[in-house]
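All remarks here apply to the structure that follows.
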Amino acid sequence: MTELNMAQALNAALDRALADERVVLLGEDIGQTGGVFRVSDGLLEKHGPDRVIDTPVSEAGIVGAAYGMAVAGLRPIAEMQFMGFSYPAFDQIISHVSRIRNRSRHRFTAPLVIRVPYGAGIGAAEHHSESTEALYAHIPGLKVVVPSTPHDAYGLLLAAVDDPDPVIFLEPIRLYRSARGEVPEEPYTVPIGTAKVEKPGSDVTIIAYGSMMREARAAATELAQSDIDAELLDVRTIIPFDTETVLESVTRTGRAVVVHEAPRTAGFGAEIAAQIYEHAFYSLLAPVERVTGWDTVVPLRRAEQHYVPSVGRVVAAVHRVMET
Amino acid sequence: MTELNMAQALNAALDRALADERVVLLGEDIGQTGGVFRVSDGLLEKHGPDRVIDTPVSEAGIVGAAYGMAVAGLRPIAEMQFMGFSYPAFDQIISHVSRIRNRSRHRFTAPLVIRVPYGAGIGAAEHHSESTEALYAHIPGLKVVVPSTPHDAYGLLLAAVDDPDPVIFLEPIRLYRSARGEVPEEPYTVPIGTAKVEKPGSDVTIIAYGSMMREARAAATELAQSDIDAELLDVRTIIPFDTETVLESVTRTGRAVVVHEAPRTAGFGAEIAAQIYEHAFYSLLAPVERVTGWDTVVPLRRAEQHYVPSVGRVVAAVHRVMET
Amino acid sequence: MTEMLQILDVDGTLVGESPVDDSVTRGLYEAMVTARIFDHKATALQRQGRLATYAPYEGQEAAQIGAVAMLEPGDWLVASYRDGAAMQSRGYPWTQLLLTRTGDERGGRPPAGVNVLPPSITVGAHMVHAVGLAWAESLKGTDAVAMTMFGDGATSEGDFHEAMNFAGVYQTPTIFVCQNNGWAISMPRARQTASETIAQKADGYGMPGELVDGNDVLAMYDAAARAVDRARRGEGPTLIEAVTHRIRGHTTADDDGRYRSPEETARWAERDPLERVRLYLDAAGVWSRKWQEEIESAATAAIEAAVEEAESLEPFTAEEIFDAMYAEVPPPLAIQRRRAAEAGLA
Amino acid sequence: MTEMLQILDVDGTLVGESPVDDSVTRGLYEAMVTARIFDHKATALQRQGRLATYAPYEGQEAAQIGAVAMLEPGDWLVASYRDGAAMQSRGYPWTQLLLTRTGDERGGRPPAGVNVLPPSITVGAHMVHAVGLAWAESLKGTDAVAMTMFGDGATSEGDFHEAMNFAGVYQTPTIFVCQNNGWAISMPRARQTASETIAQKADGYGMPGELVDGNDVLAMYDAAARAVDRARRGEGPTLIEAVTHRIRGHTTADDDGRYRSPEETARWAERDPLERVRLYLDAAGVWSRKWQEEIESAATAAIEAAVEEAESLEPFTAEEIFDAMYAEVPPPLAIQRRRAAEAGLA
Ligand SMILES: Cc1ncc(C[n+]2csc(CCOP(=O)(O)OP(=O)(O)O)c2C)c(N)n1
Ligand SMILES: Cc1ncc(C[n+]2csc(CCOP(=O)(O)OP(=O)(O)O)c2C)c(N)n1
Ligand SMILES: [Mg+2]
Ligand SMILES: [Mg+2]
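Chains as they are written, first to last, in this note's numbering: chain A, 226 to 549; chain B, 226 to 549; chain C, 769 to 1114; chain D, 769 to 1114.
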């Protein structure tokens, strides 16, 4: 065990993945500089320019080429520099990456990983704070994964590389350095498709993922002081969604608060809430609360705090569901 | 009043819109051939090549140029040939079209309309049957509109052209010729943001939009034979969503079935369901049913019928909600 | 204006040096004849409602078959909806081509060992796939190349640019074959780009570009063979512009009378890609009416068999539409799969 | 290789004909000096934590100010995050440039009448906006043009291609100014594209391309003035490649020592865009230390005032983040707006 932050854990996972000759990394500034967030630091030096490939500013080119490589039997890991810069590759992802298996009835496949730093909270310029996981979650044929701890980041990334299907791998920018934790020395994977009950509780289930786990954890701690015992559930995999774990928890607690920083309308929280209602309607003691970003552009630094769900907003939502 | 099909109604609306000198049409094959679905038939001849512009196969170019035109004071109406070909323009839409007003705090605006034929049901080739309205619904700063009758098609399109903000205007391919109805001779608009109770009912609310209104209508008729009085609600505007009209209906009927042909997971039906639960939880007599396409690629012609929600699936869902 | 490579003139005389001997030319001719028979058959089937829309390639057989004839089994082909002739001559079965057009996903599944991707329906996106495939082969250390085929219209898309740029930067063994048939549906070539030729666009990516008479199968063979050789030797990508003409509408649903003149059709009729080869072979004494009938009837038989095979396939069940979304159907999808089956029964 | 236009040599001697008289050159020099002072100030403010990251343009003042100097008030400028010098000299206030960098949307709102869009943060997408703007002006019958500025890296994006292609096809009055500063963050120009120059890419779009010494303000003025004139006369678009150098890191968050050598910096130091103009003006007898001090102190005062103005603005309230999403806040958003305000109070 070593204590690592999330960027370091991801770096270790990439390094480990590169032990497989089929793995190549592609992205803007990932080699020479080690990436904007230094997640690929040192990998060019260690694995060489055929494995860690600095590319032109060309997201469709990156994803399209990675797709071709994957079809040819490699296991590419493409990086979008920020989620807000993944959209030029959107057509490649929705029209080809997610579909070649079905289009060819398993004859050709695209086992690639697209790493996407996402989320607000560092006061960055416009387009650097996006949280549009719902867009990718709505595309059949993709898997969408989002860790909230260094341990899961490592294990989920290696699972994504092993996965026979394309994976959108979201990395919460705010947690790159701030999330620290133990990571085993021996390689391991965390299975895609499994949510995790991070803290058991009996009064209410707080369901969150990625960057918002930080607020969710803080809220649970704060609520404990008001004698509210919140169960904390880390979604970890958005697609395929682990409905079972969510239902097991919510049917027990009877109350749920879903948290994400993406805009509210048509965000993934709507899907989670809808599923809870569909399957646990008669166990619910109160309507599910969604604590989300607003239907606005993420504000720039000076007003960002008005947008990103705060611990206070999560706590208030829990209090609301507890009222009934 | 004249009886028109939806394509003709849209053609009449475009013709009318072109009476305003600021309006220009841009798109692939819209001029010389009048568009794949002949929606712009005759407009090039009537209004000339400066107003009805045939473009290269270049969706980002079309939307990006239309955006520039809109900023400069024109009122462009851009056509994406099919929804499946709108994705190359996705970055232009999400990063610029939807944001310039906020980015410039009202100093610059992009009042343009993006017309997008959408939906399955004509047995077309891959990419020609998409229904990804949820993607656009999740982008703050856009409006998303979808008519289901020639009357609304005409009135909503003129409202979209008048609107000071960008509008994604979805046109149900299956209804272009099959939906027929009376359209007044005098120009009129249908306000964006208002749902319509198409048929009042007391037992259950069927909520649908665009192409699925056909199945919803047929289902309501069929249900009447089993003495189930379904209220039929046509969403018409996805964003901004008319929550009020939906709640007014559902609190009255106590039961709701939401229908769309888009994939289920993270589809707009989840948002509608979540909103109903949030605001009408205590009026609901049964969980909301979502009748949707599956989380698959829309199958090609020979298996398409397994995908597109059928009248039977809507009827069955209503029976399920009526059981409790 | 750059000169256009021509080897076989419209009257069947050689105006350059043939890259192949006559037995190969006979093979190319046979492939073109077969391809045209398929094209006519598919068009007829569509008229009978047995296929959904079909995109005929009649007139572009030389561009397609000449371009791919020298590819090796390990090489990749990434082509578009109009490239059936090229695809089939690389091993993609007529049956699969028909299946796609009947609206059956199994059309996208060529046999193992055939390195031909299902036809691209989106315009523009697929060229960069050929860059990735070629690149992967280089990284794996094979000498395989990837060829991609696309239309003049496709060069207007941003992804064409990104594909060309990547190929140039990484010197991937990719051959870009643009069939400039003069039209992107109703948009004439001159209004798609202000560039005089498409071939010259190569220059902006640091790769050679060559303008070729796309209705001259020997010129196409020659240009493609040189490009493939260069790529295989590690000397990077090439862009070939094949100037050609589609004889029929954009698809069977298109009314080309709305945008082009009968004169254009007449002008191109004399440039037919098959006839000039027949004249050449005839003059060389290696064509006969009897042989023509033989290859025609063999082609017809093979194509009829393919039609039968394609039409005998049962359509997908509701369950089957879920089965190739992922390697394994994930739990939430398995639930939907069950519901879909039940709905089918209802 | 195409020759690079130079008018003013690095030692301040004219090697071509100046497009302007010395009073204009003095104005250009003053604008460059002012811009550099702003750049230093902004960098310093960032170090003090008073700005978020900042993208310095030091070294690129000539490319920017030379390019836009002849634009008319009705013309449009669509530039990127590194183009503050160009934007400000077209009327976009220092205050607004600073506001954007403090993280305040009001930085995106120049005064009425200033036809300069807020800086583009996405790389690639904004060039086509200048095509639409220019096209609209043509359609409206004005003779206004649109200029767009972008980096060498931006030319790798598909949207660059679509913008250039549209401009060529529709002959819109658009001037494309590429500041080739040698780097797209850590990616050197030579690895962004295999094209020898960026200027030559124009050829593939049927428009003229010109290679210019981007550190020579007179050459930039000359090339841009000719391009603007052509565009205004209805003779279509132009691509200008301004070869230049960014003296500092990509942004204040970038450690350029990781990817480039001190030698490079040294090599470019002697090509500084300001010093050669000063030498020229001095030799022409129209520069003095006193004047230099005057323009520097005027610039410093103006910039200090802008800093004060920017920093005196109250940050947005929670409600205000909703207020410019649409012309009017729609009902669902109004509810969120109220909730956001309440959350702020909680
Ligand atoms: C991204 C995208 N946009 C639009 C279309 C619709 N479309 C199909 S074919 C075509 C024209 C393509 O012309 P070209 O590339 O010259 O090929 P050709 O059909 O002439 O062989 C268009 C616009 C599409 N398939 N994909
Ligand atoms: C679409 C997109 N992809 C990636 C980025 C991240 N990014 C910001 S600047 C930059 C390099 C741009 O280089 P260049 O165009 O040469 O401009 P310069 O910074 O040198 O002025 C990159 C990759 C972005 N802003 N937008
Ligand atoms: Mg064509
Ligand atoms: Mg640069």
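Note that CB positions come from ideal geometry on N, CA and C, so glycine has one too.
Source: prediction; values computed, not measured.
| task | In angstroms with no decimal places, state the Cα-to-Cα distance between residue 972/C and residue 928/C. | result | Answer to the nearest angstrom: the Cα atoms are 12 Å apart.
**Any beta strand (DSSP E) of 3 or more consecutive residues that is wholly inside the region 241-273 of chain A** = Qualifying beta strand (DSSP E) stretches, in chain order: 248-252.
- [ ] Name the one or two DSSP bridge partners that residue 300/A has.
- [x] For residue 300/A, the pairing in a beta bridge is given by DSSP as 248/A.
| Supposed close pair residue 276/A, residue 243/A - CB separation, criterion 8 Å | Contact flag correct, Cβ pair sits at about 6 Å.
Any beta-carbon of chain C closer than 8 Å to the one on residue 327/A? With its beta carbon less than 8 Å from one in chain C, residue 327/A belongs to the interface.
List the residues of chain B whose Cβ lies closer than 8 Å to the Cβ of residue 924/C, in chain order.
Residues of chain B passing the Cβ test: 281, 282, 283 and 286.
Handout entry: Touch test, the region 890-910 of chain C against the region 1093-1107 of chain C, Cβ-Cβ under 8 Å, three pairs minimum
Key = Not touching, per the Cβ criterion.
Among all residues, which have a Cβ less than 6 Å from at least one non-hydrogen atom of ligand 6, and in what chain order do they fall? With respect to ligand 6, the structure offers nothing, as its ligand set consists of ligand 1, ligand 2, ligand 3 and ligand 4.
- Under a three-way DSSP split, which group does residue 496/B fall into? Assigned with DSSP and collapsed to three states, residue 496/B falls in helix.
For residue 1018/C, is the beta carbon positioned less than 7 Å from some heavy atom of ligand 1? At least one heavy atom of ligand 1 lies less than 7 Å from the C-beta of residue 1018/C.
Check this for me: beta carbons of residue 346/B and residue 533/B, under 8 Å apart or not? Closer than 8 Å, so yes.
Note to self: Just to confirm the assignment: which complete alpha helix (DSSP H) runs, minimum length 4, are found wholly within the region 804-891 of chain D?
What the structure shows: Qualifying alpha helix (DSSP H) stretches, in chain order: 829-836, 852-857 and 862-870.
Alpha carbon to alpha carbon, what distance is there between residue 496/B and residue 816/C? Going from the Cα of residue 816/C to the Cα of residue 496/B covers about 44 Å.
Residues that DSSP places opposite residue 394/B in a beta bridge = According to DSSP, which records beta bridges pairwise, residue 394/B is partnered with 340/B and 370/B.
Assuming residue 1019/D and residue 821/D form a contact by the criterion Cβ under 8 Å, report the distance between their Cβ atoms to the nearest whole angstrom.
With a contact defined as Cβ atoms closer than 8 Å, residue 1019/D and residue 821/D qualify at about 5 Å.
Q. Between residue 824/D and residue 953/D, what straight-line distance do the alpha-carbon atoms span, to the nearest angstrom?
A. Residue 824/D and residue 953/D have their C-alpha atoms some 12 Å from each other.
Residue from 942/C, 980/C and 834/C with nearest C-alpha to residue 846/C: The option with the nearest alpha carbon to residue 846/C is 942/C.
How would you write the range of the alpha helix (DSSP H) that residue 709/C sits in, first residue to last? With chain C running from 769 to 1114 in the structure shown, residue 709/C is simply not present.
Kindly say whether residue 862/C, judged by its beta-carbon, lies nearer than 8 Å to any beta-carbon of chain A. Residue 862/C does not count as touching chain A.
(message) For residue 796/C and residue 837/C, what's the separation of their Cα atoms in angstroms?
(response) The alpha-carbon atoms of residue 796/C and residue 837/C are separated by roughly 8 Å.
Reference residue 420/A; option with closest CA among 344/A, 427/A and 435/A
With distances taken between Cα atoms, residue 420/A lies closest to 435/A.
- Item | Euclidean distance between Cα positions of residue 550/A and residue 499/B | Look at the range of chain A in this structure, 226 to 549, and you will see that residue 550/A is not part of it.
Practice prompt. For my contact list, residue 338/A and residue 302/A are in at a C-beta cut-off of 8 Å; report their separation, rounded to the angstrom.
Written response: Between residue 302/A and residue 338/A the Cβ distance is about 5 Å, and since that is below 8 Å, they are a contact.
Would you call the region 1028-1042 of chain C and the region 960-980 of chain C touching, i.e. three or more CB-CB distances under 8 Å?
Three or more beta-carbon pairs separated by less than 8 Å are not found between the region 1028-1042 of chain C and the region 960-980 of chain C, which leaves the two stretches without contact.
Original post:
With 8 Å set as the bound, which would you pick, yes or no: does the beta-carbon of residue 253/B sit closer than that to a beta-carbon of chain C?
Top reply: Judged by the 8 Å Cβ criterion, residue 253/B is in contact with chain C.
Nearest by alpha-carbon distance to residue 914/D: which of 1075/D, 908/D, 902/D and 906/D is it? Out of 1075/D, 908/D, 902/D and 906/D, 902/D has the C-alpha closest to the C-alpha of residue 914/D.
Partners in chain B for residue 506/A, counting only beta-carbon separations shorter than 7 Å = Within chain B, the residues near residue 506/A are 512.
### Task
Could you list which residues in chain A have their beta carbon closer than 8 Å to that of residue 493/B, in chain order?
Under the 8 Å cutoff, chain A gives 491.
inquiry  = Looking only at its chain, what residues have a beta carbon closer than 6 Å to the beta carbon of residue 314/B, apart from the 5 residues adjacent to it on each side?
reply    = The beta carbon of residue 314/B sits closer than 6 Å to those of 284, 285 and 288, all from its chain and outside the five residues before and after it, given in chain order.
- Mind checking residue 840/D: buried by the 16 CB within 10 Å criterion, or exposed? It is exposed - the Cβ of residue 840/D has fewer than 16 other Cβ atoms within 10 Å.
At a Cβ cut of 8 Å, what residues of the region 896-926 of chain D count as close to chain B, listed as they run along the chain? Answer in chain order: 896, 897, 898, 899, 900, 901, 902, 903, 904, 905, 907, 908, 914 and 926.
Who are the neighbours of residue 528/A on chain D, taking C-beta pairs under 9 Å? Ordered by position in chain D, the residues that pass the 9 Å Cβ test against residue 528/A are 871, 872, 873, 1083, 1084, 1085, 1086, 1088 and 1089.
>> Need the endpoints of the alpha helix (DSSP H) that residue 416/A sits in, please.
In response: Here residue 416/A belongs to no alpha helix (DSSP H), and DSSP marks it neither H nor E.
Quiz item: Counting contacts by CB-CB distance shorter than 8 Å, is residue 973/C in contact with chain A?
Solution: Against chain A, the CB of residue 973/C has no partner CB under 8 Å away; the residue lies outside that interface.
Using only CA atoms, which one of 1111/D, 852/D, 826/D and 939/D lies nearest to residue 884/D? Among 1111/D, 852/D, 826/D and 939/D, the Cα nearest to that of residue 884/D is on 852/D.
Quick check on DSSP: helix, strand or coil for residue 376/B? For residue 376/B, the secondary structure class from DSSP, reduced to helix, strand or coil, is helix.
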